[in-house]
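See below for the structure under consideration.
Structure representation (structure tokens):
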């Protein structure tokens with residue numbers, strides 16, 4: 011029985027974090043939004059489960075249309091990636107896979123390839139569990155790693171918005187896995203940890219779900235990811 015359980019666990023798909031930096035003000039972004047939606051819905055990469063995050067940057071807001079889902083936090087996060095993995099490049103649509111590789115967000119073939127490679131990397135396991143109004147986050151079986159942050163996101167799916175100005179004027183855009191909030195909730199410095207978080211939810215958010223992930227402070231590599239439905 012232990013051998014059977016080990017084999018089943020080994021065959022389980024590996025969650026891979028896929029972050030899309032996007033904006034409603036960018037005419038090149040809707041195709042990338044569609045790619046992320048397909049990756050999340052269809053799960054087309056064998057051996058991997060795509061855990062998607064759509065992070066709307068705010069630097070397009072001065073160019074004709076203020077993206078209602080944008081936040082300076084996501085611009086800062088993208089710029090941080092640029093200093094480590096993207097050779098100083100900040101652009102939309104940019105997709106970051108596993109915290110380690112960036113690809114053009116609309117290039118689905120490149121995204122799938124990056125997801126497959128990330129799934130083959132050493133990783134730990136995260137589990138999310140509702141406890142009252144909070145969420146319990148447990149990590150285990152992490153390989154040796156540098157100090158890492160544990161991050162927690164509140165995500166909404168099935169959002170749409172009609173754009174009245176800017177490059178996408180007149181279009182109704184749809185979005186999946188839109189990050190509504192993102193926060194650090196603790197550190198992971200060993201092979202296992204347990205944390206609790208009390209998410210702050212806006213009344214206007216419909217059926218929000220939760221995503222947690224562990225990310226090395228220095229390399230930005232994502233060591234594990236998990237999600238919890240509404």
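Numbering (our numbering), first residue to last: 11 to 240.
Just so it is clear, CB atoms sit at the ideal spot from N, CA and C, and this is done for glycine as well.
For residue j and residue i, the rounded distance between their alpha carbons
| i | j | result |
| --- | --- | --- |
| residue 33 | residue 84 | 11 angstroms |
| residue 100 | residue 114 | 11 angstroms |
| residue 107 | residue 225 | 12 angstroms |
| residue 72 | residue 181 | 19 angstroms |
| residue 223 | residue 97 | 24 angstroms |
| residue 127 | residue 38 | 26 angstroms |
| residue 155 | residue 149 | 13 angstroms |
| residue 68 | residue 217 | 24 angstroms |
| residue 19 | residue 112 | Model confidence at residue 19 stands at a pLDDT of 46, short of 50, so the residue's coordinates are unreliable; what they give is reported in the following sentence. Using only the alpha carbons, I get a separation of about 29 angstroms. |
| residue 139 | residue 104 | 31 angstroms |
| residue 122 | residue 64 | 16 angstroms |
| residue 145 | residue 240 | 12 angstroms |
| residue 25 | residue 74 | 37 angstroms |
| residue 78 | residue 40 | 15 angstroms |
| residue 203 | residue 176 | 46 angstroms |
| residue 133 | residue 234 | 6 angstroms |
| residue 13 | residue 88 | Confidence in residue 13 is poor, its pLDDT being 47 and thus under 50, which makes the residue's placement too unreliable to answer from. |
| residue 94 | residue 213 | 37 angstroms |
Reference residue i; option with closest CA among the options
| i | options | result |
| --- | --- | --- |
| residue 195 | 158, 72, 60 and 213 | 158 |
| residue 215 | 203, 192, 167 and 183 | 167 |
| residue 116 | 102, 125 and 129 | 102 |
| residue 91 | 60, 142, 30 and 184 | 30 |
| residue 174 | 76, 146 and 193 | 76 |
| residue 136 | 129, 147 and 142 | 147 |
| residue 219 | 237, 205 and 227 | 237 |
| residue 129 | 228, 110, 70 and 142 | 110 |
| residue 192 | 119, 50, 143 and 160 | 160 |
9 angstroms Cβ cutoff met for residue i and residue j
| i | j | result |
| --- | --- | --- |
| residue 36 | residue 171 | no |
| residue 207 | residue 162 | yes |
| residue 198 | residue 165 | no |
| residue 189 | residue 66 | yes |
| residue 62 | residue 23 | no |
| residue 232 | residue 125 | no |
| residue 53 | residue 60 | yes |
Expected contact under 8 angstroms - CB spacing of residue i and residue j to nearest Å
| i | j | result |
| --- | --- | --- |
| residue 81 | residue 183 | The pair is not a contact, with the Cβ atoms about 17 angstroms apart (cut-off 8 angstroms). |
| residue 185 | residue 169 | 5 angstroms |
Residue i beta carbon near the ligand NAP (any heavy atom closer than 8 angstroms)
| i | result |
| --- | --- |
| residue 119 | The ligand NAP is not among the ligands present in this structure, which contains no ligands whatsoever. |
Item to complete: List in chain order: all unbroken beta strand (DSSP E) runs of 3+ residues lying wholly within the segment 185 to 225.
Response: 188 to 198 and 203 to 207
Item to complete: Please specify which runs of the alpha helix (DSSP H), each continuous and at least 4 residues long, are wholly inside the segment 28 to 76, giving them in chain order.
Response: 39 to 52
Worksheet entry | alpha helix (DSSP H) runs wholly inside the segment 101 to 145, at least 4 long, in chain order | 118 to 129
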